Structure formats: C-alpha cells, structure tokens
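Protein chains in written order, with this note's numbering: chain A, 79 to 276; chain B, 156 to 575.
Note that CB positions come from ideal geometry on N, CA and C, so glycine has one too.
All values derive from a computational prediction rather than experimental measurement.
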C-alpha cells in the first residue's frame, strides 16, 4: 500500500507539472476547518488537499480512487470543472435562478463534458447546508470505464452564491469505505455567518 | 485497472489508425481477409486484437444485442466478401463517427445512428469505412508514418481516452490552423479529468504521436465514396440515400459553425463536389434496388434515441441537438419524445427567451400519451423561473401523482411547499 501511495504521489506531481497547474498538497488535520469564511466543516480524519481553479480537492488515497471537492461561493456565470471543459464550445454554467434539479444537471453535464460517462442521478432530497436550505444527492458515473459513485451537498446562499460539496469514489471499495465520514462531514457544516472572516 | 486501461488504449489507438489513408494501387481481392504481411504488422495485429477484447469488456458497447446484431447484418449485407473478417461494435458515444481498424474491428458511434434516417444511409457509411479497410489505407498510412513501434508502446488508455484522443485528431480541419491548436489544448484539458484516474504523462506523449496523423486525401475519400456506393447499391439499397447522409451532416456542420466541429469531418473532409458526385452516380446509374429499410432501422434504434439525445446534451452539443430535433420532428416519429427533448434543450441552455420556448415545447409534448413523466417536473421548474407559481405547483403535483416512487420525490414535495 505504501509503495502504491508513493507511486500515486509521483504521478500526481508529474501531472501537476505537465498540466501546468500548481497542485501542491497540504495536510488537513482532523478538526474544524474554515472554508474561506463561507462556512466551517468538521473532519474526523486527515486529508491531503490542493486547490485547482475554483475548486478545493481533498483526498485520502489519491484522487484516482476518491476525492472530496469543494466549490465555495460560486458566482452566477461561473462554470464547474473549469479547467477540464473544452474551449470555444458551449458549456453549462451556474445561473442564479437555478433550483436543485438544475444544479444537479449542471454537475452531471460538466462531468460528462470533461470526459466521464453515464452520469446519472440516483437520489435527491432536501436537507440543510448549515443554516441554508440545501439538497443532498447521490449519483453514478463512469470514468474511463471505471464505475464511481458520488454524493453531493449543495445550497444557494442569500447572495445567490452556489456552495457545493461533491464526493466521488470508486464504486468498488472506496466509496463505501468513506461514505460514513462524508455524511458526518456534510452534517457538520456550520454556515452561520462570521463577518470577520468573510 | 492500469493494465486494463492500457490494453483498451492500444485498441483505441489502433482504431485511430483507421482514420488515415494513402492511395494504394492494388485493391485486395474479395474474399481475401486482410492479414498482417510483416512482423511489424503482426505486432500491431496482436495489440489490436487485445485492445478489441478489452473494448468488448469495457462497458462502452451499447447494451442491446439486437441492435449490435442488426448493424453487423447490414455490414455483412454490403460486404459479404468480408463478412467473416470484420467485427462491428456499436459504442455509446455522442457525435457522428465510425472507424475501422486494420484487423477488421469497426466501431460505430451511437451518435452516428442518431443521425441516420434509415438503413440505406447506415449502409452508406459502413460501406465507406469498409472501403478504407478494403484498400488497406490505414495500414499504408501506418507504414508511411513509421508509427509501428510508437503505437505498440502506447501505454494505458481507455475507451473514453481513445475517444478523447480521436477528438483531438478529428476536431481540427488542418493541423496548421488555430482550430487544430485549440483542439489540442481542449484535449489536454479533457485529459486532465482522466488524469485523475489514468495518469496523464503517457497521454501527452501519445498526443504528440497522434498529431502526426493527417486527414484523408481527396482521392482516398472519392475512392471510398465510390466503393461504398457500389457496395450499397449492390445490396439493393436506394442509391439516392448515399448523398443524403452526408448532406445532413453538412447542414449540421453549417448550423454549428467552427465552434463545435463534427469529429468525422476532420478526417473525412466534406466537399460539395463529393456530394454532387454521389448524387450524379445515383442519377446516372441504372440500379435494381430502391430499398431504404426505414422501418427496420427505426424499430431497432428508436428505443435508444432519447438516451442518445441526452448524451448529446450532456456534451453541450446544443446547436447540433437543435438541428437534429428539427429534422426528426419533420419526420414525425415519436413526437412526444422529440418535443420533450426540445424542451430540455431550451431549459438547459437557458438563453434569453429559452424559458418560454421550453414551456411551449413541454406543453406540446404533454399532448401525447407517451411523454416522459419528467416533462411535468421540468415544465414546473421552468414555469417557476417565469414566476408562474400556480402552473408550476400544478405541474409538480402532476409529476408526483404519476411518479409516486420517484427518486426526487421529497425534493419536489419541498418545492410544492415553497410554492404554496
């Protein structure tokens, strides 16, 4: 396992360099983490994290196997998976009047445009994202023929900014291994405003 | 996983080779299956065979044995002399494309079937691809480009990566223009998604290799058109359908402009002259057959059409879907489904005036009994954005009444409460 992890890190580092992105991993210790002043989230486990475009990615075993993606305060007009979508082509983007269903369409379309397939909604229900009314959803998708399952927690705040947390893991093993942790983290989100941090 | 991806990738690369051609003077004799004629080719064959096996197991094939069998039968009908040597696979992939590897494995994208009106048009495209195979165009190209070692060494790829790489190769119309470079950039971006799964170092190297592939030359296209045409009319298909499939693609190409180029045209440059030639061949000749096979074709493809349209949406092909829907609506097949997807097009695109257009389309769809129940929910979502709260609430309630076990039931209930 240790050897595999090392291999994964090498790939990621090389990828980061070739892709021209500055993916530098930082350790996220167990505890409560402030998410750019928008909300706080508690993690019972440690993660490795990096930022790419308008998303923050956390992973334990490497993004090949599972990843937790945070979109924080996405403005209307912004696109998801920005750096992965084809240039010059019509791409879906966030609109302020979107409802939960529209946002899920946006997520699944963005994944498909970025190269995954069979992105399908499996469950959707209302919940809270901290103190914001939000939605919780489950979905399936396939990347390079490998089946993944996903969980999402989303909300639109009073200023029409989109907040989205997406978790994706391989259907075999990794998704279920961390599902309980992810659900706990979703429930731990505290979005009560703290003006001094915004 | 890595090993699996690697072998699939090799196959896909092998399929890419198909798209390249040079003029060959000696036509292979009918009933003579193509086979490797050198050690180098034998290596390529082995790699392609392995990749083909992986493709079959990749989950990318359309899961419908009747459809797969149907397309294979059409292939055998137009090329009985090669029936034992070719294998045709229909893969779930939006966009119009078909390609044939030198070992006889042909992939037909579901987006191609979505754009064909009948069996005769499908036979035209299959005949065109088989002509490239028959003339060993891609093998000749492969030799010319000294790609043997590189192809064999290509590491892990999967079906989607192959398809993405195809999009790199096919998207531009010339490797020297800005669109080509933009295509490469786009592909690199796309691969960074896959990179999270497959690793991207080899991808970049492969991209460099693949960018060496040129477009088909006009002479090869003419030759493939001629042979394909001869094959389809020999099988008693309506010769006038040969030009129609390409004409339909030209309309689509013109509608979307250079923003979202059709993959197939990148290696099969379209020209008015080619279509005129096909028309003339149809007009001038005396042919025994006039079969279109529309009923058979629609019967096997119609169950998949909604899913294939959805796949085009998910790739952001809004303009193309609009052209396709307009064409399909004129034909009058399954109007409920077509108006529903027209509503989906407008709802998802969300440009000015699209909400009203979406309402209009959904309401048209709901005049038919077989409309997907989601039409009510999505109509309600659009009505809500227009502040038509009573109409939105009513449509949500209708949706829940018709789909009491829907996976989003509690979410829709919460919408209704908000609309009270």
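Membership of residue 192 of chain A in any alpha helix (DSSP H) is not indicated, and neither H nor E is assigned to it by DSSP. Contact with chain B is absent for residue 139 of chain A, since none of that chain's Cβ atoms lies less than 8 Å from the residue's Cβ.
The continuous stretches of alpha helix (DSSP H) do not include residue 147 of chain A, which lies in the beta strand (DSSP E) extending over residues 144-152. Between the region 509-522 of chain B and the region 492-501 of chain B, the count of C-beta pairs closer than 8 Å reaches three or more; the two stretches touch. Looking at the backbone, the Cα of residue 267 of chain B and that of residue 247 of chain B are separated by about 10 Å. In the DSSP assignment, residue 430 of chain B falls within the alpha helix (DSSP H) that extends over 427-439. Contacts with chain A (Cβ-Cβ distance below 9 Å) from the region 464-477 of chain B involve 466, 468, 469, 470, 471, 472, 473 and 474, listed in chain order.
Under the DSSP definition of a beta bridge, residue 446 of chain B partners with B:392. Going by DSSP, residue 275 of chain B is part of the alpha helix (DSSP H) stretching over 274-289.
Listed along chain A is no residue with a C-beta nearer than 7 Å to that of residue 438 of chain B; the closest approach is about 38 Å.
For residue 177 of chain A, the C-beta contacts it makes with chain B under 8 Å involve 536, 539 and 570, in order along the chain. Following the DSSP letters along the chain, one finds residue 549 of chain B in no beta strand (DSSP E) but inside the alpha helix (DSSP H) bounded by residues 544-557. Along the region 546-565 of chain B, the positions whose C-beta sits under 7 Å from a C-beta of chain A are 562, 563 and 565, read in chain order. Between residue 275 of chain B and residue 262 of chain B, the CB-CB gap reaches or exceeds 8 Å. In this structure, the straight-line span from the alpha carbon of residue 475 of chain B to that of residue 466 of chain B is close to 12 Å. In terms of CA proximity to residue 109 of chain A, A:120 leads the group A:115, A:103 and A:120. Per the Cβ contact rule, the region 201-217 of chain B is not in contact with the region 233-241 of chain B (fewer than 3 Cβ pairs under 8 Å). Residues of chain B whose Cβ lies closer than 7 Å to the Cβ of residue 190 of chain A are, in chain order, 469 and 470. Against chain A, the beta carbon of residue 505 of chain B has neighbours under 7 Å at 173, listed in chain order. For residue 110 of chain A, the enclosing beta strand (DSSP E) begins and ends at 109-113. With 16 or more neighbouring CB atoms inside 10 Å of its own CB, residue 231 of chain A falls in the buried class. The CB of residue 169 of chain A comes closer than 8 Å to the CB of 471 in chain B, given here in chain order. Under DSSP, residue 245 of chain A shares a beta bridge with A:146 and A:229.
Residues of chain B with a Cβ closer than 7 Å to the Cβ of residue 204 of chain A are, in chain order, 565, 566 and 569. For residue 218 of chain A, the enclosing beta strand (DSSP E) stretches over residues 210-221.
Straight through space, the alpha carbons of residue 180 of chain A and residue 482 of chain B are spaced by roughly 27 Å.
Each residue's CA atom was taken as its position, placing residue 471 of chain B and residue 441 of chain B some 44 Å apart.
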